[in-house]
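The sequence shown lines up with residues 11 to 260 when you count with our numbering.
Okay, so here's the structure we're looking at.
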Amino acid sequence: ALRQRLASKDIDAALINHPIDLFYFSGTAQNGYLFLPVNGDAVIFVRKYLPRALRETDLKEVYGFRRFADIAEIIGQRFRGDHSIVGIAKDVLTVQLFEKLQQAFPGCNWADISLEIRDLRSVKSCFEISCINESAKLLDKVFDKIPSWLKPGMTELELASIVEGFLRSEGHQGSLPSRGMSGSIHYGNILFGKNGAVRGAFDGPTCGPGLYNAVPKGAGWGELKPFQPVFIDLVAGMYGYLADATRVYS
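Structure below.
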């Protein structure tokens, strides 16, 4: 499907490196680059960790590399003159990395395919939907448990530690990758009373005070008082797919 989108825009190939996209198109999220030509087999280049990538991906051509020049050399040998326009996802690409790519591939013109990738990934397969459902079921479990954990005098941090420990014990993947330069998000917000209205830099409906100015979001030291609202916004992740839900208790 991505090849068809590339061809429709006269783009010869795609070079994919964002971990989420890499996993989607290759089956591995190891540190590497996927070269997907419109014509020819895909090739994945792995900086770290090659043995795991070999186990995780079904792609036949997997190479280790240390420098971008290594990638350019293999691509130059395999696809002579057929990659003058290469698509990359500029929404998750640093200026520094883009400049390195320009140096390694001096004859290439670069096209932004961020929207093509995001549009393609927005349509979920039955398998992907089943993974999201598993994440949602995990949220159902923890939301059912939370009322029994609420005790006057406990802090937001105490409840967060119980909730997060339970989620992990039930298979939560821990890290929650997100599209963007920040890379990942936390389990969510657990906030008592007025802390639910604390605003901040977090790009979401709630923020919370957090523990420190260096990480100004999420649960803090607020103590639970009788009849206070307890705002809980959680994200569960299983198999690389996320579900997000919110509940309010009192």
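In this text, a Cβ means the ideal position worked out from N, Cα and C, and glycines have one as well.
Just so you know, these numbers come straight off a predicted model, no measurement behind them.
Mapping the DSSP letters down to three states, classify residue i as helix, strand or coil.
| i | result |
| --- | --- |
| K314 | No answer is possible for residue 314: it lies beyond the span of the chain, which begins at 11 and ends at 260. |
| L234 | coil |
| D80 | helix |
| K204 | helix |
| I26 | strand |
| Y34 | helix |
| R13 | helix |
| K155 | helix |
| L44 | strand |
| I21 | coil |
| P162 | coil |
Using the rule of at least 16 other Cβ atoms within 10 Å of the residue's Cβ for burial, across every protein chain shown, is residue i buried or exposed?
| i | result |
| --- | --- |
| S158 | exposed |
| C217 | buried |
| T38 | buried |
| A207 | exposed |
| A224 | exposed |
| T104 | exposed |
| A24 | buried |
What residue range is occupied by the uninterrupted beta strand (DSSP E) comprising residue i?
| i | result |
| --- | --- |
| F241 | V240 to M248 |
| G175 | Not the beta strand (DSSP E): G175 falls in the alpha helix (DSSP H), residues E166 to S179. |
| A253 | Y251 to Y259 |
| I54 | V53 to K58 |
Using alpha carbons as the reference points, say which of the options lies closest to residue i.
| i | options | result |
| --- | --- | --- |
| E126 | A253, F75, R15 and G247 | R15 |
| R57 | G74, K70 and D68 | G74 |
| G203 | K134, L130 and E166 | E166 |
| R88 | A52, W120 and K100 | A52 |
| G230 | N199, D129, S140 and F176 | N199 |
| C118 | C136, G86 and A146 | G86 |
| V258 | D154, I123, S188 and E83 | D154 |
(request) Kindly provide the ranges of any alpha helix (DSSP H) runs that are 4 or more residues long and lie completely inside the segment 90-152, ordered along the chain. (result) Taken in chain order, the whole alpha helix (DSSP H) runs of length 4 or more contained in the segment 90-152 are 105-114 and 124-132.
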